[in-house]
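**Student:**
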Amino acid sequence: MNRKKGDKGFESPRPYKLTHQVVCINNINFQRKSVVGFVELTIFPTVANLNRIKLNSKQCRIYRVRINDLEAAFIYNDPTLEVCHSESKQRNLNYFSNAYAAAVSAVDPDAGNGELCIKVPSELWKHVDELKVLKIHINFSLDQPKGGLHFVVPSVEGSMAERGAHVFSCGYQNSTRFWFPCVDSYSELCTWKLEFTVDAAMVAVSNGDLVETVYTHDMRKKTFHYMLTIPTAASNISLAIGPFEILVDPYMHEVTHFCLPQLLPLLKHTTSYLHEVFEFYEEILTCRYPYSCFKTVFIDEAYVEVAAYASMSIFSTNLLHSAMIIDETPLTRRCLAQSLAQQFFGCFISRMSWSDEWVLKGISGYIYGLWMKKTFGVNEYRHWIKEELDKIVAYELKTGGVLLHPIFGGGKEKDNPASHLHFSIKHPHTLSWEYYTMFQCKAHLVMRLIENRISMEFMLQVFNKLLSLASTASSQKFQSHMWIQMLVSTSGFLKSISNVSGKDIQPLIKQWVDQSGVVKFYGSFAFNRKRNVLELEIKQDYTSPGTQKYVGPLKVTVQELDGSFNHTLQIEENSLKHDIPCHSKSRRNKKKKIPLMNGEEVDMDLSAMDADSPLLWIRIDPDMSVLRKVEFEQADFMWQYQLRYERDVVAQQESILALEKFPTPASRLALTDILEQEQCFYRVRMSACFCLAKIANSMVSTWTGPPAMKSLFTRMFCCKTCPNIVKTNNFISFQSYFLQKTMPVAMALLRDVHNLCPKEVLTFILDLIKYNDNRKNKFSDNYYRAEMIDALANSVTPAVSVNNEVRTLDNLNPDVRLILEEITRFLNMEKLLPSYRHTITVSCLRAIRVLQKNGHVPSDPALFKSYAEYGHFVDIRIAALEAVVDYTKVDRSYEELQWLLNMIQNDPVPYVRHKILNMLTKNPPFTKNMESPLCNEALVDQLWKLMNSGES
Amino acid sequence: MADTAAAGGAGGSGTRSGSKQSTNPADNYYLARRRTLQVVVSSLLTEAGFESAEKASVETLTEMLQSYISEIGRSAKSYCEHTARTQPTLSDIVVTLVEMGFNVDTLPAYAKRSQRMVITAPPVTNQPVTPKALTAGQNRPHPPHIPSHFPEFPDPHTYIKTPTYREPVSDYQVLREKAASQRRDVERALTRFMAKTGETQSLFKDDVSTFPLIAARPFTIPYLTALLPSELEMQQMEETDSSEQDEQTDTENLALHISTDDSGAEKENTSVLQQNPSLSGSRNGEENVIDNPYLRPVKKPKIRRKKSLS
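Chain order of the listed sequences is A and B. In this text, residue positions in the first sequence follow the UniProt record's numbering: the first is 1, and each later residue adds one. In this text, residue positions in the second sequence follow the UniProt record's numbering: the first is 1, and each later residue adds one.
1. What is the DSSP secondary structure of P108(B), counted as helix, strand or coil?
2. Starting from S230(B), find everything on chain A with Cβ-Cβ shorter than 7 Å and list it in chain order.
3. Taking 9 Å as the threshold (beta carbon to beta carbon), is Q182(B) in contact with chain A?
4. Between residue 959(A) and L881(A), what straight-line distance do the alpha-carbon atoms span, to the nearest angstrom?
5. Between the beta-carbon of I571(A) and the beta-carbon of G552(A), is there less than 9 Å?
6. Kindly indicate the opening and closing residues of the alpha helix (DSSP H) around G73(B).
7. Using only the alpha-carbon positions, how far apart do G147(A) and Q173(A) sit?
8. Run down chain A in chain order and give the residues with a C-beta less than 9 Å from the C-beta of A189(B).
9. Counting Cβ pairs, one atom from each stretch, are 3 or more of them under 8 Å apart for the region 318-325 of chain A and the region 267-284 of chain A?
10. Give the straight-line distance between the Cα atoms of E600(A) and L561(A), rounded to the nearest whole angstrom.
11. Using beta carbons (cut-off 9 Å, strictly below), is H253(A) in contact with chain B?
12. If we ignore side chains and look at the alpha-carbon of each, how far apart do K205(B) and P212(B) end up?
13. Who are the near neighbours of S843(A) in its chain, counting only those whose CB is closer than 7 Å to its CB and skipping five residues on each side?
14. For the alpha helix (DSSP H) that F690(A) lies in, which residues bound it at each end?
15. Identify every residue that forms a DSSP beta bridge with M312(A).
16. Does chain A have any CB closer than 9 Å to the CB of Y159(B)?
17. Distance, Cα to Cα, K778(A) vs E830(A)?
18. T120(B): beta carbon under 8 Å from a heavy atom of the ligand HEM?
19. Comparing the C-beta of A26(B) with each C-beta of chain A, is any distance below 9 Å?
20. Can we say the region 742-757 of chain A touches the region 281-298 of chain A, given the rule of at least three CB pairs closer than 8 Å?
21. Give a yes or no on whether the minimum CB-CB distance between L256(B) and chain A is below 9 Å.
22. Measure the CB-CB distance between S230(B) and L833(A) and report whether it falls below 9 Å.
23. In the structure shown, what three-state DSSP assignment does H212(A) receive?
24. Chain A beta carbons: is any one of them nearer than 9 Å to that of S170(B)?
25. Considering only the alpha carbon of each residue, which of E537(A), F690(A), F864(A), L712(A) lies closest to E633(A)?
26. Beta carbon of Q262(A), beta carbon of E245(A): below 9 Å?
27. Which residues of the region 286-319 of chain A have a Cβ closer than 8 Å to any Cβ of chain B? Give them in chain order.
28. Determine the burial state of V298(B): buried for a count of at least 16 other Cβ atoms within 10 Å of its Cβ, exposed for fewer.
29. Short of 6 Å in beta carbon distance, which residues of its chain neighbour S489(A), apart from the five on each side in sequence? Order them along the chain.
30. Return the CA-CA distance between V518(A) and K373(A), expressed in angstroms with no decimal places.
31. Leaving aside the five residues before and after M604(A) along the sequence, list all residues of the same chain whose C-beta is less than 6 Å from its C-beta, in chain order.
32. Quick one: Cα of I93(B) to Cα of T62(B), how far?
33. Roughly how many angstroms lie between the CA atoms of residue 311(B) and I69(B), to the nearest whole one?
34. How many Å lie between E162(A) and A240(A) at the Cα?
35. Helix, strand or coil, according to DSSP, for N782(A) in the structure here?
36. Cα-Cα, which of A99(A), V47(A), L55(A), V203(A) is closest to K126(A)?
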């Protein structure tokens, strides 16, 4: 695993060096969705006999190539258009995957390849031998692009600007080649001149500084001239053109925000926070924002919610919100912060090769995490880390390992680290989307592990060093060899860590970066009273897929009567048992307060605990310093103590999860107490709701009181005088808002002895809806009402059906009738008074599908299909499509599957296409060994064709 | 005021009088007046030396006289009201007569002419009792600061309010209940109406009316309704400092639509050029002057070599 590239620096795979590129798009036709323009690349050959130049270009039509004003011959070949040859008879995933990987690497710029091969005219050979500059001028056009550039053209009356038509660049990883010929690699940096001629009513937003805007001679169009003097990779070049409203940030005048017409007030509110994110990053990195300006553009039909490019970020317009919306605000702020983190690491600092991607994703994710800690608090941060950890653990255990730093040594094809996957991990384009998401998740978690090892101070020093080296390099004009400092590599990063901190983090890197998999611990313990010793047994599972063996230190925290004690165990090859001496004799002073980890001293009711043992609870790896899953066994009362008294939100969450297995009155009480505690983190309280519902259901035969949480909800949110009426909404306190939203949803999961939702609960929820009054609230209650509908849906249980009779109105269950009435009213009201992001329609559609599935309402996809059509808001479409996918699975309808596949091929919004595929894989209509009428040859043909011809 | 009313009334009844003899006291009153006018006309005719006249011509002259007098009354009233009075004075009449082309100076002589005939006063008939408008209570006297010549207060019933309220329902529960069910009823009625009048979708094939769902209609620009929901508009009473917003849109318009105003663009251009040295966006942005490349006006094309426009 030695890094060959090592310190020798970066060797370009290309026989030339690009220094400057001009992109000029002088005609954009929204009607025909076409683009005409030219590019001019300035390159310096680095070898004497350069006679062919390979560039990247996809789906562009190339008219003419000239080198230094001499016509040059060129060949255009894109092997990814047809991955497997049509005549080949073989059709299986392995074959496809190999062929696809081969096709991608055949055009991979990092291997010196490209789709476009240009012959250097013989007249210039001598010129080339002297390694003199070449200027390659390429005229191209683009017609109805399938990727790269996305046109949004609403079909209403008026000029394109009045209609709100816009176009923007998009794509996954390096996909700039989709819209102009370039060297589409993150490692080929150059300076840029960008020119876009657009309609006079439109604005073209692109990278770098807007130098000037000039009218064309007929005064009907104008040309935007951009200059990007910081060397940037083609993959970080972007464009957005539309009739945007312009907002100059009132705090930072060099920051400009753009949104579609009519949304300016929302834009103002949404971006009003951005300057704080700027300040935060600049402060921790002790480095100014590297570009001289920054632009945010909010567009419709976004490819991804956030896309960061050099000095500009493209966001989905759906992130915009007004001050009245609670739920969207933190999400949007996170998106803004994420994109800004990527401005530093990802756009300004680029990567040397694909295998160094984890450093960039890791650092940007890590500093984003720091921002989150500062903005939303330590609890939120730890909760997020735990969430991300759970995600990556679940993915790796299910699908197999995620390898951060793939090294492709020659000849070792046999032990391909990714043999468990259906795809090659050598190229970003061959990865599955989900894998890449998990990859990013793991990357920032590993950065956090490095921070744990070398301290945050050093970590930030390393980042600062990377940034300051890069900014020195970026100011060097025309000394392009210096620009390599702007590329980060794994080895460079590690070297600067060891320089700064003087610590050796090789084992850590080896464990988590060079190797895939997570650790799975099983823990149990016994208390030896005679020796006053805790005998801890920790086993590991390192044979299942996606796991690895962990050797090294492991922290264990033991809360005893006399206080909390940390122990560091050495996990070695096969040692399972660890003896930990206890500090306190059991039960010496009954009245004494018990000191906690954070120095707090509390009174506890110790009657529940084992009289012989001083142990209150035990936690393994409390700081999440290993990427692991821990299954630990301790008694129910220990979990209860942990829930009540441990102040770490992660510990509380873990104990809530564990308590599900202990349906006892004591657990119930502990959960209820947590629910009531105002100081407790709201997310913990929310998950306590659901746990409580589960426990109550397991205890249903012995419980006689009112339904769980009802009296609690009444006490917290209902009027003092009339307990069945909820107070008028006041969402000033967000904690109680979230709790108020969640409790009914959890309550609806309660079941009585007949496994039905108790009548009392249903009436309660219906009353909540009935008495909901938002007139005096300064916030919108649309999310709240949507959750009430979710609660109604949760209360639905399968219909009792006598020999499969047809569902008609007459035999409708009276409870369901009430539910249906509410849904009808809500859904209809939405048509007249729509809610923000149509949250209510989304919930209604989901609820209707639940009713259909449970046999109360005839199963019929027609309604959902109408909502899934293009022209509805994207959230509605996704909800409706989810229902159709589910229908396809349950009713095994070939027709619907065809309809879905048709949409996958033809829908204008790439996000929706991707989402349908995603949903079909998550909820497949049939599985491998299942007999299904859907599984037939025609389908295979169709899918194969889809895979084979699609753009990446 | 009385003149015109009388004249108008007389005219009205005059046209009717031929057809039927009315017995109405008001009509009697008007008839008596008209008869007097006829007598006047007749005596004037006699004075002028006529011995007999056809009835039709007498009628015509009567009409003319009546119109003349009515016009004097109407004009005099206008003059008096013009000077903010309610009662016409002599001067009003004089001005009126002058206006109508009558030589006022001849009037005294004419009045004192020798051969004039004396007409008997019209028979005293009661003024027609204008049916008393419903009066309730006593009109309020003017407060001291209002001069007495101003019109009187209208009847008290037109402005006095007598609040009649029941004991207000203060029971919270009942109120909430009421508000909730009222809103629900309105919503249900409205949605049902919309569903009835438009296209619907149904969850049950056999029954379209019980749970009618208004059919889903795709929007041309779906994000607008989703992000600017009308629901919030209604709730949004505060918000958006309008002046600030105006300013913003102004500058933006300037940037976007400057093409409409060439001279303005020219002017802007020069001013920007002056600012140019101090730009290169740094955070020391001076107050007021936001230098942002997107706010700068668009330059006019320079005369240069042919642009490559394809």
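Backbone N, C-alpha and C fix where the C-beta goes; we use that ideal spot for every residue, glycine too.
**Tutor:** According to the structure shown:
1. helix
2. L833, P834
3. no
4. Here chain A has residues from 1 to 952 only, and residue 959(A) is not among them.
5. yes
6. 55-82
7. 12 Å
8. None at all; the shortest Cβ gap to chain A is about 11 Å.
9. yes
10. 13 Å
11. yes
12. 11 Å
13. A786, I789, D790
14. 682-698
15. K295(A), Y309(A)
16. no
17. 20 Å
18. Of ligands this structure carries none, so the ligand HEM is not represented either.
19. no
20. no
21. Confidence in L256(B) is poor, its pLDDT being 40 and thus under 50, which makes the residue's placement too unreliable to answer from.
22. yes
23. The question names His, but residue 212(A) in the sequence shown is Glu. Here E212(A) sits in strand by DSSP.
24. no
25. E537(A)
26. yes
27. S292, C293, D300, T317, N318
28. buried
29. M352, D356
30. 25 Å
31. I594
32. 21 Å
33. In the structure as shown, chain B starts at 1 and stops at 310, and residue 311(B) therefore has no counterpart that could be examined.
34. 17 Å
35. helix
36. V47(A)
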